[in-house]
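Using the working numbering, the final residue of the sequence shown is 542, and nothing's skipped along the way.
Note that beta-carbon positions come from the ideal geometry of N, C-alpha and C, so glycine has one too.
Note that this is a predicted model, so its numbers are computed, not measured.
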Amino acid sequence: MVFQMVLLKLADWILYQLLANSCYRAARKMRSYGFFLKNQSLKSSQQQAPSFPNVFKCGLENRGSDILACDIHGGLLRTESFFPYFMLVAFEGGSILRAFLLLLSCPILWVLDYELKLRAMIFITFCGLRLKDMENVSRAVLPKFYLENLHLKAFEVLASTGSRFAFTSVPRVMVEGFLKEYLLFDNVTGTELHTVGHYFTGLVSDSGLVLKHRALKDYFGDKKPDIGLGSSSLHDHLFISLCKEAYVVSRDDGNSGTSSVMPRDKYPKPLVFHDGRLAFLPTPFATLSMFMWLPIGVFLAFFRLFVGIHLPYKLALCLGIWSGVDLRVKGCSPSRSGHRKGILYVCTHRTLLDPVFLSTSLGQPLTAVTYSLSRMSELIAPIRTVRLTRERKQDGRTMQRLLSEGDLVVCPEGTTCREPYLLRFSSLFAELANEIVPVAMNTRVSMFYGTTASGLKCLDPIFFLMNPRPSYHIQILEKLPRELTCAGGRSSCEVANYIQRKLADTLGFECTTLTRKDKYMMLAGNEGIVQDKRGKSQSIGK
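In structure tokens:
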């Protein structure tokens, strides 16, 4: 009986706080807005909010000693809404069920005021979430979306200043890593979350939500920052009014037509690696579209897998294209010399399906060597796959034997990369063959990435094939001339570097010296190697 009474009181409180109280406030807002429409001329002349110049009018000269204060949402990003970033944490750090629950809460969030909306989103997103999972999302997932949505002019203003301070109402753990690592902020003040052990409770700490204007006053005291950046909302007007110069950040400058989109070549730090499954910014509408597509996507993925595994090459190619796969192939099968050895195809590495698509495009069986492959991927692979051990001599003997049996596919980067960069090429392949054919491969997806550093590797092909129109572009280059191989007097490193540059020029990519180890240290905090039961090192992913 006592438990039932507690539940009734809790339900009564929720109904009052989240529905009745919020609906009352929403009705007052609507009434005020209607009054505004009826008395627009009087309102604009007597009660106009203080106006601040657009950020495009901010000069950049002699700012080296200036102090800048801003919020990342509305101050540095082109979108003011923080819902997509909570959704990224819920989906990538939590689960698809947590993300679906956050999506279902959207109608309720719409009628809540700012504080209750933020508290509700924090609770749904963080309740029961592990601290480690949040750290991974903050390090490997969120920076990509923050960089893509940076406001160009706001970033130029920020880059011209000497000291940078952020004040935000969203949880500090969501923004601090990006702001300090990529934008070199001196300090980040954000809402602190309550934790128990290694888990978030979904509640805000005793200090409560950060009020930006109060936090700025507490931090600087009587001293005023030189520049303040914010949105056109009244909350931000109060915040930036405490700065010597205040500017409003908008999508573009209507007068000059200047774009606010941040081009890749102006990123403060190259974005080479990132993780997570979502390839789009999950706004409410985009997330709803994803969940509506999921049943169709799962069916299409298994249909495409069945076609690729069980049907002949030409029929599989036709049905795959009919199902929406965008496959574009340039070049043709290379001519064969009188040597008994097979041809060695050297490919850029975008997904685990690279050898499969190459084999289908050529219409002939190939053998693929790989450093790591899940048992499921190995079982469903329509071509022969052989694991390597990362022991140079043993791997060399294995590849020599496979070349004597037929054509071989190798991806010398050793791991996948999503962005337009090529990792360092291992030179082992150059020592084993003289008939080398470089193959430039690139993929495009619109909904899900088919690679992951911390998720389930066995689902990589499924996620790639779940996209509405997964795209594979394959360009088969001419066979390497003999004088450019080891048989022509070149060292294996020279051959590997030459092929890397050739493929990068073909794709419009940039060469790097980064390796698989660098990728996993950045995305997963480890070297991508674990010890098996026999004490031997094994790769955990590509």
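* To do: Excluding the 5 residues preceding and the 5 following Arg-304 in the sequence, name in chain order all residues of the same chain whose CB lies nearer than 7 Å to its CB.
  => Taken in chain order, the residues that qualify are Gly-320, Ser-323, Val-325, Leu-465.
* Do you know whose CA, among Lys-180, Tyr-498, Phe-291, Phe-165, lies nearest Cys-243's CA? -> Phe-165
* Span separating the alpha-carbon of Asn-497 from that of Arg-469 -> 33 Å
* If Cys-493 sits next to Val-409, beta carbons under 8 Å apart, how far is it from one beta carbon to the other, in whole angstroms? -> Going by Cβ atoms, the distance from Cys-493 to Val-409 rounds to 21 Å, so no, they are not a contact pair.
* Is the region 119-131 touching the region 198-216, taking contact as three or more C-beta pairs under 8 Å? -> Touching, per the Cβ criterion.
* To do: In angstroms with no decimal places, state the Cα-to-Cα distance between Met-521 and Glu-483.
  => 38 Å
* To do: Output the distance between the C-alpha atoms of Cys-458 and Val-356, rounded to the nearest integer angstrom.
  => So the two alpha carbons sit approximately 16 Å from each other.
* Would you tell me roughly how many angstroms separate the C-alpha atoms of Leu-42 and Leu-234, rounded to the nearest one? => A caution first: Leu-42 carries a pLDDT of 37, below 50, which makes its placement in the model too unreliable to give a value.
* To do: Throw me the rounded Cβ distance for the Gly-508 and Pro-420 pair, which I believe falls under 8 Å.
  => Contact flag correct, Cβ pair sits at about 7 Å.
* **alpha helix (DSSP H) segment containing Arg-98, residue limits** => 96-104
* Asked: Tell me, which residues are paired with Val-369 by DSSP?
  -> Val-386
* Is Val-439 near Ile-476, with beta carbons less than 8 Å apart? -> yes
* **Nearest-angstrom beta carbon gap, His-73 and Thr-168 [assumed within contact, 8 Å]** => 7 Å
* Asked: Going by Cα to Cα distance, which pick from Ile-383, Ile-436, Leu-327 is closest to Ser-337?
  -> Ile-436
* Cβ neighbour criterion (16 or more within 10 Å) applied to Asp-186 -> exposed
* Asked: Beta-carbon separation of Thr-195 and Val-210 under 8 Å?
  -> no
* Whole beta strand (DSSP E) elements within the region 379-444, 3-residue minimum -> For the region 379-444, the full-length beta strand (DSSP E) segments reaching 3 residues or more read 384-387, 408-410, 436-444 along the chain.
* Which whole-angstrom value describes the C-beta separation of Leu-271 and Lys-144, a residue pair presumed to lie in contact below a C-beta threshold of 8 Å? -> 6 Å
* Give a yes or no on contact between the region 222-229 and the region 49-66, applying the rule of three or more CB pairs nearer than 8 Å. => yes
* **Where Ser-289 falls: helix, strand or coil (DSSP)** => helix
* Asked: Looking only at its own chain, which residues have a Cβ that is under 6 Å from the Cβ of Gly-450, when we skip the five neighbours before and after it?
  -> Thr-351, Asp-460, Phe-463, Phe-464
* Assuming Leu-422 and Tyr-267 form a contact by the criterion Cβ under 8 Å, report the distance between their Cβ atoms to the nearest whole angstrom. => With 8 Å as the limit, Leu-422 and Tyr-267 do not qualify as a contact, their Cβ atoms being about 18 Å apart.
* Please report how far the alpha carbon of Val-175 lies from the alpha carbon of Met-134, in whole angstroms. => 11 Å
* Return helix, strand or coil for Tyr-472, following the three-state DSSP convention. => strand
* Whose C-beta lies closer than 7 Å to the C-beta of Leu-503 among residues of the same chain, with five residues either side of it excluded? -> Thr-348, Leu-422, Pro-438, Ala-440
* Same chain only: Cβ atoms within 7 Å of Ile-14, ignoring 5 sequence neighbours per side -> Caution is warranted here: a pLDDT of 49 is assigned to Ile-14, below 50, making its placement in the model unreliable, and no coordinate value can be reported.
* Considering only residues of the same chain and omitting the five flanking positions on each side of Ser-45, which have a CB-CB separation below 8 Å? -> Because the pLDDT of Ser-45 is 37, which lies under 50, any placement of that residue in the model is unreliable, and the question is left without a value.
* Would you kindly work out how many angstroms separate the C-alpha atoms of Gly-525 and Ser-454, rounded to a whole number? => 10 Å
* CB-CB length for Phe-248 against Val-55, believed under 8 Å -> Residue identity differs from the one stated: residue 248 is Val in this sequence, not Phe. The distance from the Cβ of Val-248 to that of Val-55 is about 7 Å, consistent with a contact at the 8 Å cut-off.
* **Beta-carbon proximity check, Ile-474 vs Ser-361, cutoff 8 Å** => yes
* Is Ser-333 near the ligand ZN, going by C-beta to nearest heavy atom under 7 Å? -> Ligands in the displayed structure: none, and consequently the ligand ZN is not present.
* Contact belief for Phe-448 with Asn-467 at Cβ below 8 Å, rounded distance in angstroms -> 6 Å
* Asked: From what residue to what residue does the alpha helix (DSSP H) around Val-346 run?
  -> Here Val-346 belongs to no alpha helix (DSSP H); instead the beta strand (DSSP E) covers 344-347.
* Asked: With 16 other CB atoms within 10 Å as the buried threshold, where does Leu-523 fall?
  -> Counting of Cβ neighbours within 10 angstroms places Leu-523 among the buried residues, the total reaching 16 or more.
* To do: State yes or no: is the C-beta of Leu-294 within less than 8 Å of the C-beta of Leu-103?
  => With contacts defined by Cβ atoms closer than 8 Å, Leu-294 and Leu-103 do not form a contacting pair.
* Asked: Any idea which residues DSSP pairs Asp-186 with across the strands?
  -> For Asp-186, which the question treats as bridged, DSSP gives no partner whatsoever.
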